[in-house]
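Enquirer: Numbering (this note's numbering), first residue to last: 44 to 221.
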Amino acid sequence: MISKAVGEAQSLPTLVALPTENTNIVLTPQPAPVHQTPSKESASPTLLSSHEIRALQDHLPDPVLQRTRAVQSTENSISSLAENVRGDQEKINTLREKIEKNKAIIAGEIPLPSGATLRGLQSRIEVDAKKMEEQENHIQNKTKEIQTLKEKTEKLQGEIHAILCLNEKPMNRLFNWS
Numbered sequence: 044m045i046s047k048a049v050g051e052a053q054s055l056p057t058l059v060a061l062p063t064e065n066t067n068i069v070l071t072p073q074p075a076p077v078h079q080t081p082s083k084e085s086a087s088p089t090l091l092s093s094h095e096i097r098a099l100q101d102h103l104p105d106p107v108l109q110r111t112r113a114v115q116s117t118e119n120s121i122s123s124l125a126e127n128v129r130g131d132q133e134k135i136n137t138l139r140e141k142i143e144k145n146k147a148i149i150a151g152e153i154p155l156p157s158g159a160t161l162r163g164l165q166s167r168i169e170v171d172a173k174k175m176e177e178q179e180n181h182i183q184n185k186t187k188e189i190q191t192l193k194e195k196t197e198k199l200q201g202e203i204h205a206i207l208c209l210n211e212k213p214m215n216r217l218f219n220w221s
């Protein structure tokens with residue numbers, strides 16, 4: 044887990060210590076180094092030490108991690124539901140085309156296929172119209188669910204922000220950030 048954190052830390056902006064008048068160290072963000080390999084011997088003062096990374100992980104509030112996972116889960120659900128809505132819309136379009144074709148046959152605009160009856164076509168139109176209505180209801184329900192999940196995601200993101208703001212002062216003391 045630590046090696047993963049070190050790898051992730053390398054892709055983040057590094058922090059550079061700047062001397063100040065009162066000898067406290069102020070860390071300022073700098074662009075991430077391109078090809079730097081972490082090693083204990085060549086520890087650069089611009090990179091967080093493994094001790095600092097462990098301390099950061101230990102002090103990252105568990106509720107933030109839980110809410111982050113919940114956000115990812117809701118975003119995956121939103122994506123899945125959106126794909127289902129697209130599939131339902133395709134089904135509606137196919138049913139609409141079938142209904143229009145059967146109406147054109149009944150109106151005499153297209154020749155009646157062999158073995159088909161006007162009564163059978165009318166029955167088929169009614170069945171397809173009912174299926175189309177069901178698909179439209181599914182879309183409405185999924186759209187409502189998507190909206191609910193988006194609201195839940197926004198709420199979770201707000202909670203994450205609030206938790207991080209509440210924990211900002213202890214993190215500043217931990218790393219002497221001012």
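Using N, Cα and C, we set each Cβ at its ideal position, and we do this for glycine too.
As the structure is a computational prediction, the values presented were derived from the model and not from experiment.
(1) Can you tell me which of the three DSSP states ILE152 falls into?
(2) How far does the alpha helix (DSSP H) with ALA172 in it reach, from first residue to last?
(3) Output needed for PRO154: all residues of its chain with C-beta closer than 8 angstroms, excluding positions within five of it in sequence on either side, in chain order.
(4) Once you ignore the five residues that flank GLY130 on each side, which residues in its own chain have a CB closer than 8 angstroms to its CB?
(5) Exposed or buried, THR57, counting other C-beta atoms within 10 Å across all chains shown (16 or more means buried)?
(6) Work out the CA separation of MET175 and THR111 for me, nearest whole Å.
(7) Could you compute how far the alpha carbon of GLU194 sits from the alpha carbon of ALA125?
(8) Going by the beta-carbon positions, is the gap between LYS141 and ASP171 smaller than 8 angstroms?
(9) So, helix, strand or coil for GLY158, using DSSP?
Expert: With the given structure in hand:
(1) Counting from 1 along the sequence shown, the entry for residue 152 is found at position 109. First, the residue type needs correcting, since residue 152 is Glu and not Ile in the sequence shown. Three-state DSSP puts GLU152 in coil, outside helix and strand.
(2) Stepping through the sequence shown from its first residue, residue 172 is reached at position 129. Taken as a continuous stretch (DSSP letters only), the alpha helix (DSSP H) holding ALA172 covers 161-209.
(3) The residue labelled residue 154 in the question sits at position 111 within the sequence shown. Contacts found: ILE148.
(4) The count along the sequence shown starts at 1 and reaches residue 130 at position 87. Result list for GLY130: empty, nothing under 8 angstroms.
(5) As a first step, residue 57 is located in the sequence shown; it is residue number 14 there, counting from the start. Residue placement at THR57 cannot be trusted, given a pLDDT of 38 that sits under 50; what the coordinates show is reported in the next sentence. Flag for THR57 reads buried.
(6) On the sequence shown, position 68 is the one that residue 111 refers to. On the sequence shown, position 132 is the one that residue 175 refers to. In a straight line, the C-alpha of THR111 is about 38 angstroms away from that of MET175.
(7) Counting from one through the sequence shown, the residue named residue 194 turns up at place 151. Counting from one through the sequence shown, the residue named residue 125 turns up at place 82. GLU194 and ALA125: Cα-Cα distance of roughly 15 angstroms.
(8) Sequence index remark: in the sequence shown, residue 141 carries index 98 (1-based). Sequence index remark: in the sequence shown, residue 171 carries index 128 (1-based). Contact: yes.
(9) Stepping through the sequence shown from its first residue, residue 158 is reached at position 115. Here DSSP, grouped into helix, strand and coil, assigns GLY158 to coil.
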